[in-house]
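Take a look at the structure below.
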Amino acid sequence: MVIGAGITGIYQTYLLARNGLKVRGIEAAPDVGGTWYWNRYPGCRLDTESYAYGYFALVGLMSDWSWSERFAGQPEMLRYVRHAADRMDVRRHYSFSTKVVAAVYSDERTMWDVTLDDGRVLTCRFLISASGPLSASRLPDFEGINDFEGQSFHSSDWPTDEQGQATGYDFTGKRVGVIGTGATGVQIIPIAAQTAEQLFVFQRSPNWCTPLGNTPISEEEMGHLRARALTILEYVKSTDTAFPYHRDPRKGIDVPKEERDALFESLYDQPGYGIWLSGFRDLLLNKQSNDFLAEFIADKIRARVKNPAVAEKLIPKDHPFGGKRVPMETNYYETYNKESVHLVDIKENPIQRINAKGIETAEGFHELDVIIFATGFDAVTGALDRIDIRGSGGLRLKDCWSDGPTTFLGLQSRGFPNFFTLVGPHNGSTFCNVGVCGGLQAEWVARMIAYMTDHGLTFSQPLAEAEEAWTEEIYRDFSRTLLAEANAWWVKVTEKPDGSIVRRTLVHVGGGPAYRKRCEEVAYGGYEGFELA
Ligand code: N01
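Shown next as C-alpha cells:
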C-alpha cells in the first residue's frame, strides 16, 4: 500500500504495479497532486527550474510536455502531475478522498492492517508512506483563533469554488493579515499587496530572501531542453541537492573582498538558487564566510526597502544565510515600499489574541477582513504522527521517535517491519529537489521489494547496529554545519518535562550522491544492514 498520491507516491505506485504487484494507494485529496494540489495560494510556484524537476527522464514525459516558465506556477505544476498520472495510468490503483487513520503490524501474519477513515480495514505486506514532508499544516494556538468573524485559513487550505478552483485572490477593499514570512508568506505577500486595501504582515522572524528571476520558456528553448533532458538529469544527480548548481570550489575566506562581491553580485542577478547552492563551498561550514554573503544580502535589502527601520526589521539577525530555507522572491522587498503595506514585528510585540474583528498585539489592535496563516507545517514526521502507527509488539512510532527519528537510510525503522518512508526523516530525498530525489528513492524501494518477493522474503527491518550508526551519522553531519544554528522546519525541537530542550535534525545533509551511493552499496551487499526473513 502507498499512502499519498503526490509526485513521489504516484511514481512508487506505478513502479510497483509495473513489477506485477497488487498495489493500493490511499490519498486524502480528491485527485493526485500532493503538495501541488493543496498549495493553491496566490504566488505559489516552483523554485527549482521546472525542467530539472519531475520524472521527465524517468518515464519519457519530457517528450510531450512543455514548461511555460522557468519556475512553473502551481496550476501548471498540478497539470503536470495530473498528466504524469495519466501517462502512468495510476489513478485506478487509488482510493481518493480517503485518509489512513491507523496502521497496525501483525507479528503472526507479517502483514499490516490499515484502517481508513471510511471504516475499511485493508491488509498489506508492504506499507509505504509518501505522505509528504510538508503536508501536515500547523496553525498557531492563539487565544480566540476561532472567534474571528472574517475569512481565515491556512495557506495550504486556500478556499475553492465548486469546481475546486482557488478563490479569493482579489482582495480589493479588504484589510488582509498574513502571519508568517517563510517561503510561503514571501510568495503570498507581494500578490496580496497588489489588491489589498491594507496589508499587515505579522513577522516573528525575517528570512534571507533572494530573487527568483522567473522568465517564460519559449518553444524553441523547450526544444533545446528536451534534447538534453537526460544530460540535465545526470547533471542534477551529480549535485548535492539535485538542483542544477555546483558549488564554487573555493572557500569564501580565501577570496579577496572584490572577487567575493563580484561572485555574489553575479549570483544575485542569476535566476534561482545559485546564490545559496553555487556560492563558496564553505558557506555552510564557516561562519566568517557565511557572514560575507549575509552582509552582502543585508545591503541588498537596505537598498531595496526605502524605510531604513523597516529594512532593518527584514534582515535576519538570528540565523546564518541558508541556515533556514532561503525563500525565493519576486518583488518581495519592494512590496514594503507601498503605503498600504505594514510590517508588524510580533517578536517585539507578540500577538496576544485574535477576536471577532482582528488581531491584537502588545502594541495595538489591527482590524482585518481576512487572516492568512502562512505558519508552516509540522514537518517531515508530522503526517506520520497523525496516523496511529503501531509496529511489532504494539510499538508506537510516535513514541519511538519522540526524541527524534531513528532509521536506517531514512527508509525503515527497527520495530516497524516492511514499512518504508519515502522523502521521510533522515533520508537523502528530503533535503533535495524532491521531484528528482523522491523518484530515485521510489526506484530503490521498488527494487528492494522486487528482491524480497523474488527471494520469497516477507520480512525486513534494519539491524539495530545499522540503525544506530546511520542515526549517529545523521546527527554528526548536521552538527558540523551552520544549519545546526537555526531552527528551520527540518529541526525538531522538543521541550522535555524537566525543561531541557532537545534539538534533532529531521533531514540528511550529507548530499544526494553520497546518499545514493550508500543505498546502492547496501543493495549490492544483499541489503546489508537489513534483517531479512
Ligand atoms: O513554512 P515555514 P512555509 N506565531 O515554517 C511563522 C516549502 N515551500 O510554509 O520563523 C507567529 O518556513 C514562522 O516564524 P518563525 C519550503 O521548503 C516551497 O513558509 O518560526 N509566527 C515563519 O515565519 C519551505 O521552507 C515553496 O519565527 C509563526 C512562518 O510562520 C517550506 O515549504 C514555497 C507562528 C512559517 O514558515 C515551508 O514554508 C513555499 C506563530 N505561532 C514553501 N508559527 C517553493 O517555492 C509559525 N510562524 C517550492
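Note that this note's numbering gives residue 996 to position 464 of the sequence shown, counting from 1, and the numbers run on in steps of one. The C-beta atom is built at its ideal place from N, Cα and C for all residues, glycine as well.
Distances from the CB of Trp-1021 to the heavy atoms of the ligand N01 include at least one below 7 Å.
Relative to the non-hydrogen atoms of the ligand N01, the Cβ of Asp-639 never comes closer than 7 Å to any of them.
Judged by DSSP secondary structure, Cys-932 falls within the alpha helix (DSSP H) whose first and last residues are 929–932. Each of Arg-922, Phe-940 and Leu-941 was checked against the Cα of Cys-932, and the nearest Cα belongs to Arg-922. Using a 10 angstroms sphere on the CB of Glu-559, the tally of other CB atoms reaches 16 or more, which defines it as buried. In this structure, Asn-965 places its C-beta atom within 8 Å of the C-beta atom of Thr-773. Looking at Phe-853, Ile-764 and Ser-661, the one whose alpha-carbon comes closest to that of Thr-953 is Ser-661. In this structure, Ala-537 sits away from Val-555, with a CB-CB distance that is not shorter than 8 Å. A heavy atom of the ligand N01 is found nearer than 7 Å to the CB of Ile-878. By the neighbour-count criterion, in which a residue is buried when 16 or more other Cβ atoms sit within 10 angstroms of its Cβ, Leu-744 is buried.
Placement of the Cβ of Ile-711 at a distance of less than 7 Å from at least one heavy atom of the ligand N01 is found. Your pair Gly-1042 and Gly-908 does not check out as a contact, with CB atoms roughly 25 Å apart and the cut at 8 Å. Distance between Thr-647 and Val-977, taken at the CA atoms: about 23 Å. Listed as beta-bridge partners of Gln-735 by DSSP are Asp-877. For the pair of segments examined, the stretch 696–704 was found not to touch the stretch 887–900: the number of CB pairs separated by less than 8 Å stays below three.
Bridge partners of Cys-656 according to DSSP: Trp-644. Two segments are said to touch when three or more pairs of C-beta atoms, one from each, lie closer than 8 Å; by this definition the stretch 995–1014 does not touch the stretch 875–894.
Under the three-state reduction of DSSP, Ile-711 is assigned to strand. Secondary structure within the stretch 957–1002: the beta strand (DSSP E) runs of 3 or more consecutive residues, fully enclosed, are 992–994 (chain order). Leu-578 has its CB nearer than 7 Å to a heavy atom of the ligand N01.
Looking at His-1040, Trp-1021, Gly-1057 and Gly-1044, the one whose alpha-carbon comes closest to that of Arg-670 is Trp-1021. Classified as exposed, Arg-652 has fewer than 16 neighbouring CB atoms from the shown chains inside 10 Å of its CB. For Ala-635, the enclosing beta strand (DSSP E) starts and ends at 632–638. Assigned with DSSP and collapsed to three states, Asp-1030 falls in coil, not helix or strand.
Between the beta-carbon of Phe-796 and that of Phe-775 there is about 18 Å, and that puts the pair past the 8 Å contact cut. Per DSSP, Thr-773 lies in no alpha helix (DSSP H) and is assigned neither H nor E.
Its chain contains Trp-599, Leu-757 and Ile-764 as the residues whose beta carbon lies nearer than 7 Å to that of Tyr-583, once the 5 sequence neighbours on both sides are disregarded; these appear in chain order. Checking the 7 Å criterion, the Cβ of Pro-672 is within range of a heavy atom belonging to the ligand N01. Rounded to whole angstroms, the Cβ separation of Phe-853 and Leu-825 is 5 Å, and the two are in contact under 8 Å. Between Arg-836 and Glu-866, the gap from beta carbon to beta carbon is short of 8 Å. Within 7 Å of the C-beta of Thr-907 there is at least one heavy atom belonging to the ligand N01.
In this structure, the C-beta of Ser-687 approaches the ligand N01 to less than 7 Å from one of its heavy atoms. Taking a C-beta distance under 8 Å as the contact criterion, Ile-883 and Phe-674 qualify as a contact pair. Within the chosen limit of 7 Å, the ligand N01 does not reach the beta carbon of Gly-682 with any heavy atom.
Closer than 7 Å to some heavy atom of the ligand N01: that does not describe the Cβ of Arg-619. Short note on Gly-714: C-beta closer than 7 Å to some heavy atom of the ligand N01.
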